[in-house]
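Report on one structure; see the data block that follows.
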Amino acid sequence: MTKDIDTDLAMKCRTWAFEEAKGVLKRLRAVGKGEVKTPEKGYVLFETGYGPSGLPHIGTFGEVCRTTMVMHAFQRLSDIPTKLICFSDDMDGLRKVPTNVPNQDLLRGALGMPLTSVPNPFDTEHKSFGEHNNARLCSFLDSFGFDYEFMSATKDCYHAGRFDSTLRQMLVQYDEIRTAVLPLLGEERAATYSPIFPIVQKKGEDKPYPVILHNVALRGIEDLDQGIATFEVMDDSEAERTGYKAGERITQSIFKGGCKAQWRADWALRWYAMDVDYEMAGKDLVTAADYAAKIVQILGGRGPAGFRYELFLDENGLKISKSKGNGLSMEDWLTYAPHESLAYYMFQRPTSAKKLFFDVIPKAVDEYITFAEKLNDQDPAQKLDNPAWYIHDGVVPETQHTPVSFALLLNLVNVANTEDKNVLWRFIKRYKPEATPENAPFLDRLTGFAIQYYKDFVLPEKTYREPDDRERAALSALATALESMEDGQEAEEYMTAVFSAGKDSGYEKDELRNWFQALYQILLGQDQGPRFGSFIALYGVKETAALIREALEGKLIKAA
RNA sequence: GAUCGCGUAGCUCAGCCGGUAGAGCAACUGACUUUUAAUCAGUGUAUUACAGGUUAGAAUACUGUCGGGCUCACCA
0 MTKDIDTDLA MKCRTWAFEE AKGVLKRLRA VGKGEVKTPE KGYVLFETGY
50 GPSGLPHIGT FGEVCRTTMV MHAFQRLSDI PTKLICFSDD MDGLRKVPTN
100 VPNQDLLRGA LGMPLTSVPN PFDTEHKSFG EHNNARLCSF LDSFGFDYEF
150 MSATKDCYHA GRFDSTLRQM LVQYDEIRTA VLPLLGEERA ATYSPIFPIV
200 QKKGEDKPYP VILHNVALRG IEDLDQGIAT FEVMDDSEAE RTGYKAGERI
250 TQSIFKGGCK AQWRADWALR WYAMDVDYEM AGKDLVTAAD YAAKIVQILG
300 GRGPAGFRYE LFLDENGLKI SKSKGNGLSM EDWLTYAPHE SLAYYMFQRP
350 TSAKKLFFDV IPKAVDEYIT FAEKLNDQDP AQKLDNPAWY IHDGVVPETQ
400 HTPVSFALLL NLVNVANTED KNVLWRFIKR YKPEATPENA PFLDRLTGFA
450 IQYYKDFVLP EKTYREPDDR ERAALSALAT ALESMEDGQE AEEYMTAVFS
500 AGKDSGYEKD ELRNWFQALY QILLGQDQGP RFGSFIALYG VKETAALIRE
550 ALEGKLIKAA
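Here numbering that gives the first Met the number 0 is used: the first residue of the first sequence is 0, the next is one more, and so on.
Here is the structure:
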């Protein structure tokens, strides 16, 4: 790519993304024995992991988004080609049945199977549960335009034999690896811990039914080059699920899909086999990542560079958990704001815990807009301090331009009292006559979000009331007056009509305030509203008249 | 128990390779308006948790204390 940023300048940049990218350089220098050079695989590998037992979520987005930012930074530090791989750990066993998935019985009958062997409970063309979720991950990532390569543990690695040479080595160093992990484990677990789990056919099943044996110990290596080894089952904890009881022995090849590594070891296996240069991890995984790095060292390699980001908390400072349903979900955010604003949020200080709840959304959107608006005019040093640089990889597209803030838009949609984008656009044009949905597509998206916000949070609060006799007479007079008027007149003209209708129906001068309040309460379902003359001008004369007629017929109350 | 981050204006937070403390919201004042809201303009006298040391100078780096919190220690 063209060098938009001078390398020296990039080296001086101290934002976390560049600090991380420098960490990658440091790793390359160590691996290259003092020289930074292109790795044998031909590129620098940035990896993010994904567990396909659930759907992609806000954490998935955060990792891919942030890793991409580091990769973009790295591209300013070095000419070495880069690649981002989103790795799906889809050989992992199905441990429990997710409650938010159809065909619960189907899944209950597949416990213990690798996810890519679990039948697909969804009505999609994918053969397995794992593959279905993989596809979900990809379409999720694609919807944001991430530039990545998908990799399946089952298909691309275990079964393809890609991990075999590393597995061979793990077999040789089995005890060493096991010993390294033991200090981390509780006593009970340590007794039966194995870094490698053989995958066997469940006993007593006619159909193919692969299950992962977790409670085994390596007893001997029969043929190292074929990966053939003997394992002994250590207890009866999985007897019911697998048919294997304590003391039974299994001799088989662990190559070509014959085994699965325990997750800490699996991480190490992947890092070593693929020579991963960078992978970040959430704080909940720090210990595991440290141990995985130790295992990589035992294998003779060096773990990837990468840092530990803090977790997201809810409004009360508690960890966001999908099962508890606290905090904000991906869907919540994307319902009310563009993904660019979420990327902006992800850029903000990943090393300190952030509260992620509803109120942060509008602020994130407006801060994103502020930075995006000024990026292209800044000098290179300033650009590197601008979050928008990281979100858009250097240049903000013209289509992102928006002359109006999200906060203003939220006010506008409230005032406009509309679920119609076109009406909202008329209000926007009053502020910024040059803006159109065509020349400001990002603003057009924002109007959609603002309307959604209005629908979900403002509209339910509305309470329309019935007009009394005097109000009824005044409203009726106003409707009649408006029906004889045309669009396109000054707001003052309409305002005069509103005042006349009020005065003619008996409102004294000091009482007119009540007349306006009545309009809002009866027509808009709220105690306050826009200047009414302007409202008519923007909403439309005929439309306003129609609205009044509806109110008089009591339709608005029923609708609400 | 181990680890990691946090403690700055009423609220949410920014500032943290050291140089007299900022934003948004809230509040208040004014302008505009034949109502209100919006909009526009303006208004911030915070022991930067506490203590100590380093420095010509510390919210910022260091040491300690207190407070409250996440995560890990069964599984991944």
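C-beta atoms are modelled at their ideal positions from N, C-alpha and C, and glycine is treated no differently.
For residue j and residue i, the rounded distance between their alpha carbons
i, j, result
"SER77", "ASP7", "11 Å"
"THR191", "LEU110", "20 Å"
"PRO55", "TYR367", "24 Å"
"ARG530", "ALA536", "10 Å"
"ASP224", "GLN377", "59 Å"
"MET0", "THR81", "Caution applies to MET0, whose pLDDT of 48 falls short of 50 and renders its modelled position unreliable; the model cannot decide the point."
"ASN413", "ASP486", "22 Å"
"ILE4", "LYS382", "9 Å"
"PRO396", "ALA406", "22 Å"
"VAL295", "TYR157", "18 Å"
"GLU34", "GLY41", "15 Å"
"GLU465", "PHE515", "15 Å"
"SER219", "ILE390", "Note that residue 219 is Gly in the sequence shown here, rather than Ser. Those two C-alpha atoms are separated by around 52 Å."
"TYR343", "ASP155", "33 Å"
"ARG94", "GLU39", "37 Å"
"VAL23", "THR350", "18 Å"
"ALA260", "THR37", "29 Å"
"ASP467", "ASN385", "57 Å"
"SER504", "PRO440", "46 Å"
Nearest residue (CA-CA) to residue i, options the options
i, options, result
"PRO337", "ASP358, VAL364, LEU312", "VAL364"
"ALA292", "GLN451, ALA272, LEU423", "ALA272"
"MET112", "HIS125, ASN102, VAL96", "VAL96"
"ARG26", "MET329, ASP276, LYS502", "ASP276"
"ALA544", "PRO51, ALA490, GLU552, ALA478", "ALA478"
"SER328", "THR59, LYS541, SER87, LEU93", "THR59"
"LYS428", "PHE311, GLU418, LEU442", "LEU442"
"ASP91", "ASP265, LYS206, ILE79, GLU247", "ASP265"
"LEU411", "TYR453, PRO386, PRO459", "TYR453"
"ASP235", "GLY246, ILE227, GLY226", "GLY246"
"ARG167", "VAL69, GLY129, ALA228, LEU181", "ALA228"
Status (buried if at least 16 other CB within 10 Å, exposed otherwise) for residue i
i, result
"VAL285", "exposed"
"LYS512", "The question names Lys, yet the displayed sequence has Arg at residue 512. When all chains shown are included, ARG512 counts as exposed."
"VAL394", "exposed"
"MET10", "exposed"
"THR178", "exposed"
"ASN132", "buried"
"ALA20", "buried"
"ARG269", "buried"
"PRO101", "exposed"
"ARG263", "buried"
Integer Cβ distance of residue i from residue j, believed to fall under 8 Å
i, j, result
"ILE84", "GLU148", "5 Å"
"THR66", "MET279", "6 Å"
"TYR290", "LEU183", "6 Å"
"LEU114", "SER52", "6 Å"
"LEU551", "LEU474", "6 Å"
"ASP419", "LEU44", "Going by Cβ atoms, the distance from ASP419 to LEU44 rounds to 49 Å, so no, they are not a contact pair."
"MET150", "PHE230", "Actually they do not touch by this definition, with Cβ atoms about 27 Å apart."
With three or more C-beta pairs closer than 8 Å as the rule, is the region 241–253 touching the region 201–215?
The region 201–215 is in contact with the region 241–253.
Mind the definition here: the region 64–76 touches the region 12–19 only if three or more C-beta pairs lie below 8 Å; say whether that holds.
Yes, since at least three Cβ pairs between the region 64–76 and the region 12–19 fall closer than 8 Å, the two stretches touch.
Just checking, does the region 118–126 make contact with the region 139–146 on the three C-beta pairs under 8 Å criterion?
No, the region 118–126 does not touch the region 139–146.
When you compare the region 18–37 with the region 294–305, are there three or more beta-carbon pairs, one atom per stretch, that lie closer than 8 Å?
Yes: the two stretches touch, three or more of their Cβ pairs being nearer than 8 Å.
With a cut-off of 8 Å, do at least 3 Cβ pairs link the region 447–457 to the region 471–491?
Here the region 447–457 makes no contact with the region 471–491; the two share fewer than three CB pairs at distances below 8 Å.
Are three or more beta carbon pairs between the region 394–405 and the region 426–445 nearer than 8 Å?
Note that the region 394–405 touches the region 426–445; at least 3 beta-carbon pairs, one per stretch, sit closer than 8 Å.
Using 8 Å as the cut-off, can you tell me whether the region 246–261 makes contact with the region 193–202, which would need three or more C-beta pairs spanning the two stretches below that distance?
Taking a contact to require three or more Cβ pairs closer than 8 Å, the region 246–261 and the region 193–202 qualify as touching.
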